[in-house]
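>
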């Protein structure tokens, strides 16, 4: 089954409101990556977190990696219509096929102007 | 640089037909991979390659074959298309293995 889970699956916000998506893994991750996919587009890399408890900021976006390296979050302050899209987290997991980058199911963000 | 390119952009197949989805990158990346994207399922890894001549299975490899004869190209072959293979297929490449992935624009495949 899916080892990297994301919640919520969908989120509607009014422009200017904040938004947070959460990523949880059943196993410890060596790192966590975040991607954004605009409607009709392809995933685009945003950031990678490696250290336990790491926090990184990109303008209005704040990324956190949990102390146990099993969870992560992406927080957007004061959303804009340009933030619309699906946000995916991805972590390195290990199964019978070896190490691979496993994506969460994504959180689709819709922003009402 | 064109980055990662994929052809075709759209394809409709009948059940049982075979076809090859093309993927190429001009960034001299060693690591390439194929994902399929289905609603609510995120991106699931089909096959990957760590370099020319080397391929391995991902999470959902059944019904698909790959080969990696050159660093640049990583085609995905559907042997006998099934409706369950209706999906959007993304190719990705990376210079650092499981680091930042660069995705192609995708191929939207419908199997009737």
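Protein chains in written order, with this note's numbering: chain A, -7 to 105; chain B, 183 to 294.
Think of the CB as a built atom: it goes at the ideal place given N, C-alpha and C, for glycine as much as any other residue.
#1: Check whether chain B comes within 8 Å of residue 86 of chain A, counting only Cβ atoms and requiring the distance to be less than that.
#2: According to DSSP, what are the bridge partners of residue 38 of chain A?
#3: To be precise: take each residue of the stretch 241 to 269 of chain B, compare its Cβ to all Cβ atoms of chain A, and keep it if any distance is under 9 Å. Which residues remain?
#4: Using the beta-carbon of each residue, which ones in chain B are nearer than 8 Å to residue 92 of chain A?
#5: Which residues, in chain order, does the stretch 38 to 58 of chain A contribute to contact with chain B at a C-beta distance below 7 Å?
#6: Cutting at 8 Å between CB atoms, please list the residues of its own chain near residue 104 of chain A, excluding the five before and the five after it.
#7: Throw me the rounded Cβ distance for the residue 235 of chain B and residue 227 of chain B pair, which I believe falls under 8 Å.
#8: Please classify residue 272 of chain B as buried or exposed, where buried requires at least 16 neighbouring CB atoms within 10 angstroms.
#9: Under the three-state reduction of DSSP, which class applies to residue 1 of chain A: helix, strand or coil?
#10: By alpha-carbon positions, which one of B:225, B:214, B:246, B:294 ends up nearest to residue 202 of chain B?
#11: Assuming residue 80 of chain A and residue 98 of chain A form a contact by the criterion Cβ under 8 Å, report the distance between their Cβ atoms to the nearest whole angstrom.
#12: What does residue 4 of chain A reach in chain B if we use C-beta pairs closer than 8 Å?
#13: Looking only at its own chain, which residues have a Cβ that is under 8 Å from the Cβ of residue 73 of chain A, when we skip the five neighbours before and after it?
#14: Show which residues of chain A have a CB atom less than 7 Å away from the CB atom of residue 287 of chain B.
#15: According to the neighbour-count rule (16 or more other Cβ atoms, all chains shown, within 10 Å of its Cβ), is residue 18 of chain A buried or exposed?
#16: Can you find a CB in chain D that lies within less than 8 Å of the CB of residue 283 of chain B?
#17: Kindly list the residues whose CB is nearer than 8 Å to the CB of residue 279 of chain B, restricted to its own chain and excluding five residues on each side of it in sequence; keep chain order.
In brief:
#1: Not an interface residue.
#2: For residue 38 of chain A, which the question treats as bridged, DSSP gives no partner whatsoever.
#3: So the close ones are 241, 243.
#4: Taking a Cβ-Cβ cut-off of 8 Å, the neighbours of residue 92 of chain A in chain B comprise 227, 230, 240, 241, 280, given in sequence order.
#5: Identification of residues in the stretch 38 to 58 of chain A having a C-beta nearer than 7 Å to some C-beta of chain B yields 40, given in sequence order.
#6: These residues qualify, in order along the chain: 4, 5, 6, 7.
#7: Contact between residue 235 of chain B and residue 227 of chain B is absent: CB atoms are separated by about 20 Å, not below the 8 Å threshold.
#8: Residue environment for residue 272 of chain B: buried (at least 16 other C-beta atoms within 10 angstroms of its C-beta).
#9: When secondary structure is reduced to three states using DSSP, residue 1 of chain A falls in the coil class, being assigned neither helix nor strand.
#10: Considering only alpha carbons, the answer is B:246.
#11: Beta-carbon to beta-carbon, residue 80 of chain A and residue 98 of chain A are separated by about 5 Å, close enough to satisfy the 8 Å threshold.
#12: Simply none; closest approach about 17 Å.
#13: Excluding residues up to 5 positions away in sequence, 7, 103, 105 lie with their Cβ nearer than 8 Å to the Cβ of residue 73 of chain A in the same chain.
#14: Listed along chain A are 34, each with a C-beta nearer than 7 Å to that of residue 287 of chain B.
#15: Classification of residue 18 of chain A: exposed, given that the 10 Å Cβ count is below 16.
#16: Annotation note: the requested chain D is absent from the structure, which comprises protein chains A and B.
#17: Here the set comprises 212, 213, 232.
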